[in-house]
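Numbering (the numbering used here), first residue to last: 4 to 876.
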């Protein structure tokens, strides 16, 4: 790219003239960058040119304001580095001499200068201090101290500035500054989930972002170790190769951030979904059948951020050793290859991995085995970083390495941390080449919030926690099952491979099963163990789908699933992997209701596997007996249940648990022949929310009116059990949640229950037209990753009822919009499975009605449903 245009020399003029020159000059620089080739050189030129342009403008304003000769204007912070991103703040310090006089006149000059800066469009962050005040403020606030370290004179008294620079440098306590910046960095990393792989990373603040590089320079500068990567290399803190890598990745991050600012037209450091495609296109990336243009951009960002995170860790540890003198501390030998230096695992020699490649995986085995080891030393991290060339095909095929990898998987402690280190140091992707392909790969859906590799490691962590007694309170049932499971490494392998084939096209479950079979063969697993792991990977989505989409009261559904899993061991393994997988997608995807559905499917299938074929009559008798016992505990008179039960079909008792059956009987025994709707609510026995019972004379639009009430009242329906009695009454039970339940105190529940019972009764008593669905705004994620609405309508296996499946982006009013279409065509609803996966819904309904017998009407219904579930413009 040709050099950027420079601002011409100019004399102070009116503020209006300065505003025009500043605006036009900035626009010219940004326009030149926007239309030029997206190279790191172009970005570097832009940042420096913008800083020079602002320098000249500030000098003009300084002269225009008539500032005193003894004062100085100092650039601090990021602007002090002589670089300025297109829409970043301009941080300046008005430095006054200690004996500054002038009173009101001086104050007026300073205020006039700052006001003029804002008037011409400069978004400045300004402070006005004397040298002594700067030193006092720096002692109190490490952020101020950091900003003052990166200072540069723009105009004014050079002698005052030199005194200021010398004093602020000498005032820095290197050990204290290092400690403060390290803690600050750790806190920032926690804020951004400790990973470079957030799907919407902040390219400045996230781990692996530009701030991580700046922290290194700050602490090195404070310790007198250098101000540039070249100076750090000269001091032996980095190798020449590492210095070149740092400069390269820093350039990539600056280029992406600069392009992001230009595309957004504002200060925006987050690569949000709304902007990723536009930024990618500004790089000249185009979508292909295999991947979106935004995926190409994000893959480039993630690789740079990962390298920065690795090098940041190496350098921070190196600087810590220099500052604290821990380099000279004696190290405790662990074996001939490794030693313990102050709780960090250190290689005995820098060339260990090049001479003995098998020591690479041994590092992580020792890390997991050795108590007291907190991490890897800078020397070890550097040795790993520089030994990537030896992790080749021969390395992956080496029987010693395969045995070491299996030993790591079999460790009773330290597994999660070991695998996170394996991934962060790039060893995992180089040993498992198939894993390398999904490092930093985005998942373009509405429920995963991690890249594929981070999701896999999260699932591995979740499985591991099932086997740790200290975490038994999180998932007690899973922990009880895990306590009797031998060979946990089989589940860990399944977790590592369950999504490893994503992004290739085709069924990732089938492709992953082929990959894991190859892994098991290469690593000496027995045939039964290989078959188990392959089964888990191939069917890791099956249990969730059946639990959330099919009727678990249908004996054939359970029998079919039991035939698929084959035995109890396969069932337990699949259940544990499924729970860990759902929990590893996003904090928003899992809820107690999904947990209950999975556990119900597990227990029903386990009974079927034990040879206990479902005996519907015996099961119903047992539930009725238990329900009577519950009624007796609530002091209900004998026979209270009979008026209601005489009107109910067998399917009602098959679909409801004893506690619900008893609650219904207790609530409705006086209202069996009522002509008015009866609504009762209680706190849900499964997680937060309410369980709402609706009993009313049936009519075609009843379900729509119920959904309409919940929609208008701000409730989300998690589940609906629909039943029609022999007497023509609807007996429906809903599991609902609401943002109103932020307060979960008993008083709050009582108030909400009373509100629901009164309002819902009134809404269902109305004979007026159905209200319009609310048109809630779709979320930013839904706009960025829209789900193509899909509607399928097919007869069930018995050809007596129809299975309606709806897939769409979630939004308020969606279920109500579906219900309105069904009501319009007088379609009866017998069962509803409401499944929310992040911000995508997969709802299944069991329906019947004369309209479904006509092909032309079916097409019309499907078309209307597609219109109803389409996201609003």
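Note that the Cβ used here is the ideal one computed from N, Cα and C, for glycine as well. Since we're looking at a predicted model, the values are computed, not measured.
7 Å Cβ shell around residue i - same chain, five flanking residues per side excluded
i, result
"residue 58", "157"
"residue 760", "682, 683 and 684"
"residue 357", "390 and 393"
"residue 119", "18, 64, 67 and 68"
"residue 203", "273, 274, 275 and 276"
"residue 513", "541"
"residue 288", "296, 299 and 300"
Pair within 7 Å by beta-carbon distance, residue i and residue j
i, j, result
"residue 837", "residue 720", "yes"
"residue 134", "residue 167", "yes"
"residue 129", "residue 95", "yes"
"residue 690", "residue 630", "no"
"residue 485", "residue 470", "yes"
"residue 200", "residue 457", "yes"
"residue 707", "residue 773", "yes"
"residue 262", "residue 282", "yes"
"residue 898", "residue 643", "Beyond the ends of the chain as shown, which are 4 and 876, falls residue 898; an answer cannot be given."
"residue 70", "residue 298", "no"
"residue 177", "residue 223", "no"
"residue 317", "residue 385", "yes"
"residue 805", "residue 755", "no"
"residue 566", "residue 465", "no"
"residue 181", "residue 326", "yes"
"residue 346", "residue 375", "yes"
"residue 218", "residue 184", "yes"
"residue 698", "residue 647", "no"
"residue 264", "residue 88", "yes"
"residue 307", "residue 231", "no"
"residue 834", "residue 554", "yes"
Contact set for residue i: own chain, Cβ-Cβ below 6 Å, skip 5 residues either direction
i, result
"residue 877", "Nothing about residue 877 can be reported from this structure: the residues present for the chain run from 4 to 876 only."
"residue 241", "235"
"residue 864", "828"
"residue 846", "809 and 837"
"residue 431", "425 and 438"
"residue 10", "In this predicted model, residue 10 has a pLDDT of only 48, less than 50, meaning its place in the structure is not dependable; the value taken from the coordinates is given anyway. The answer, listed in chain order, is 28, 56 and 59."
"residue 175", "225"
Anticipated Cβ contact below 8 Å, residue i with residue j, distance rounded
i, j, result
"residue 422", "residue 460", "6 Å"
"residue 361", "residue 382", "Not really, about 19 Å apart at Cβ, beyond 8 Å."
"residue 717", "residue 687", "So it is not a contact: roughly 16 Å between Cβ atoms."
"residue 92", "residue 126", "5 Å"
"residue 634", "residue 669", "6 Å"
"residue 651", "residue 728", "6 Å"
"residue 498", "residue 462", "5 Å"
"residue 228", "residue 337", "Their Cβ separation, rounded to whole angstroms, is 30 Å, which puts residue 228 and residue 337 out of contact at 8 Å."
"residue 151", "residue 137", "6 Å"
"residue 731", "residue 777", "At roughly 31 Å, the Cβ-Cβ gap does not stay under 8 Å, so residue 731 and residue 777 are not in contact."
Contacts around residue i, its chain only, beta-carbon distance under 8 Å, and the 5 residues preceding and following it disregarded
i, result
"residue 269", "90"
"residue 207", "213, 214, 260 and 272"
"residue 859", "none"
"residue 26", "123 and 124"
"residue 552", "808, 836, 838, 845 and 847"
Cutoff 7 Å: residue i Cβ touching any chain C Cβ
i, result
"residue 263", "Absent here is chain C; the protein component of the structure consists of one chain."
- Just checking, does the stretch 815 to 824 make contact with the stretch 711 to 718 on the three C-beta pairs under 8 Å criterion? Output reads yes: the stretch 711 to 718 touches the stretch 815 to 824.
- Per the contact definition of three or more C-beta pairs closer than 8 Å, is the stretch 600 to 611 in contact with the stretch 549 to 568? Cβ pair count under 8 Å is three or more, so yes.
- Should the stretch 387 to 404 be called in touch with the stretch 163 to 181, which here means at least 3 C-beta pairs below 8 Å? At 8 Å Cβ cutoff, the stretches do not touch.
- Tell me, please, whether the stretch 490 to 504 touches the stretch 571 to 579 by the rule of three or more beta-carbon pairs shorter than 8 Å. Short answer: they touch.
- Task: Would you check if there are 3 or more beta carbon pairs closer than 8 Å linking the stretch 241 to 252 to the stretch 277 to 291?
- Result: No, they do not touch.
- What are the start and end residues of each continuous beta strand (DSSP E) run of 3 or more residues lying completely inside the stretch 92 to 174, in chain order? Correct list: 93 to 99, 127 to 133 and 155 to 159.
- Message: Counting beta carbon pairs with one atom in the stretch 404 to 414 and one in the stretch 514 to 531, are three or more of them shorter than 8 Å?
- Response: At 8 Å Cβ cutoff, the stretches touch.
- Item | Cβ contact check for the stretch 414 to 421 and the stretch 503 to 520: 3 or more pairs under 8 Å | Proximity of the stretch 414 to 421 to the stretch 503 to 520 falls short of the contact definition, fewer than three beta-carbon pairs being nearer than 8 Å.
- Query: At what residue ranges does the stretch 383 to 455 contain a whole run of the alpha helix (DSSP H), taking only runs of 4 or more?
  - Reply: Counting whole runs of 4 or more residues, the stretch 383 to 455 contains the alpha helix (DSSP H) stretches 396 to 400, 402 to 412, 418 to 427, 430 to 434 and 436 to 439.
- Task: Entirely within the stretch 655 to 719 and at least 4 residues each: give me those alpha helix (DSSP H) ranges in chain order.
- Result: Within the stretch 655 to 719, complete alpha helix (DSSP H) segments of at least 4 residues are found at 661 to 671 and 705 to 716, given in chain order.
- Item | Contained alpha helix (DSSP H) runs [length at least 4] in the stretch 20 to 105, N- to C-terminal order | If only uninterrupted alpha helix (DSSP H) runs of at least 4 residues are considered, those enclosed by the stretch 20 to 105 are 43 to 68 and 80 to 83.
- Message: Could you tell me which whole beta strand (DSSP E) segments of length 3 or greater appear in the stretch 196 to 243?
- Response: Look at the stretch 196 to 243 and you find no whole run of beta strand (DSSP E) that is 3 residues long or longer.
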